[in-house]
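Structure first, commentary second.
Numbering (full-length UniProt numbering), first residue to last: 1 to 207.
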């Protein structure tokens with residue numbers, strides 16, 4: 001993802017995104033390996049973003065996270081990009097994002113949800129199965145064979161939790177998944193900031 005030789009190491013911490021309604025916490029499983037909450041290595045980037053790395057005998061997980069301009073007045077946005085590099089075939093790639101303490105009346109869509117209180121609004125979302133199939137056919141972000149493996153149930157939505165149940169990644173291939181968290185004061189519409197171009201966000205975070 002980046003040449004880490006030119007980066008400065010930073011203190012390790014969990015990937016949680018702190019929002020006005022609670023933390024968004026991530027959990028990742030790759031080929032039966034439950035990835036620890038804290039990374040093995042962390043680097044700081046000039047943009048303010050962090051690059052975190054976990055290593056396993058069959059897979060390397062790189063996660064880039066940071067804030068970029070949302071384009072929406074009063075909306076703060078952070079994006080977390082997960083990249084699995086398969087050293088051996090990885091049987092599954094699962095990413096879960098959960099807003100702890102999200103209100104029961106959270107509004108849910110195919111691959112996103114919005115939670116709102118009298119004080120703030122928080123939206124969390126990422127790519128739908130259809131978006132990932134289009135990326136696969138275009139040779140972007142995910143393997144080309146995913147276009148025929150991704151079913152409509154690839155994203156599970158339960159209140160304040162989203163889970164991406166993704167196909168195998170063959171040896172030598174990689175797959176990327178991005179999750180965006182956006183928030184604003186009550187009455188705002190941070191959900192509009194979830195529709196991102198992951199390649200553009202990646203460039204912004206690594207500049």
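Idealized CB from N, CA, C, for every residue including glycine. These figures come from a predicted structure and were not determined experimentally.
Residue closest to residue i, alpha-carbon to alpha-carbon, out of the options
| i | options | result |
| --- | --- | --- |
| residue 222 | 88, 159 and 47 | For the chain, the structure presents residues 1 to 207; residue 222 sits outside this window and is missing. |
| residue 81 | 70, 95, 48 and 71 | 95 |
| residue 30 | 181, 202, 113 and 166 | 166 |
| residue 113 | 68, 182 and 149 | 182 |
| residue 149 | 177, 130 and 33 | 130 |
| residue 12 | 33, 37, 21 and 25 | 37 |
| residue 161 | 72, 64 and 99 | 99 |
| residue 188 | 43, 75, 51 and 70 | 75 |
| residue 154 | 133, 170 and 42 | 133 |
| residue 157 | 107, 169 and 197 | 107 |
| residue 33 | 84, 138, 195 and 146 | 84 |
| residue 201 | 14, 65, 170 and 169 | 65 |
| residue 25 | 171, 163, 197 and 203 | 163 |
| residue 17 | 190, 79 and 177 | 79 |
| residue 140 | 171, 175 and 15 | 175 |
Beta carbon of residue i nearer than 7 Å to that of residue j
| i | j | result |
| --- | --- | --- |
| residue 193 | residue 77 | yes |
| residue 115 | residue 103 | yes |
| residue 19 | residue 122 | yes |
| residue 23 | residue 86 | no |
| residue 118 | residue 186 | yes |
| residue 90 | residue 61 | no |
| residue 97 | residue 179 | yes |
| residue 135 | residue 142 | yes |
| residue 92 | residue 58 | no |
| residue 55 | residue 72 | no |
| residue 138 | residue 21 | no |
| residue 68 | residue 52 | no |
Helix, strand or coil at residue i [DSSP, three-state]
| i | result |
| --- | --- |
| residue 138 | helix |
| residue 14 | coil |
| residue 146 | helix |
| residue 205 | helix |
| residue 181 | strand |
| residue 191 | helix |
| residue 115 | strand |
| residue 131 | helix |
| residue 200 | helix |
| residue 19 | strand |
| residue 109 | coil |
| residue 173 | coil |
| residue 31 | coil |
| residue 41 | strand |
| residue 89 | coil |
| residue 125 | strand |
| residue 154 | coil |
| residue 163 | strand |
CB contact check: residue i to chain D, cutoff 7 Å
| i | result |
| --- | --- |
| residue 21 | In the structure shown, chain D does not exist; there is a single protein chain. |
Near the ligand NAP: residue i beta-carbon under 6 Å from a heavy atom
| i | result |
| --- | --- |
| residue 85 | The model on display carries no ligand, and the ligand NAP is accordingly not part of it. |
Any chance you could list the beta strand (DSSP E) runs of at least 3 consecutive residues sitting entirely within the segment 48-82, in chain order? Uninterrupted beta strand (DSSP E) stretches at least 3 residues long and entirely within the segment 48-82 occur at 50-55 and 59-67, given in chain order.
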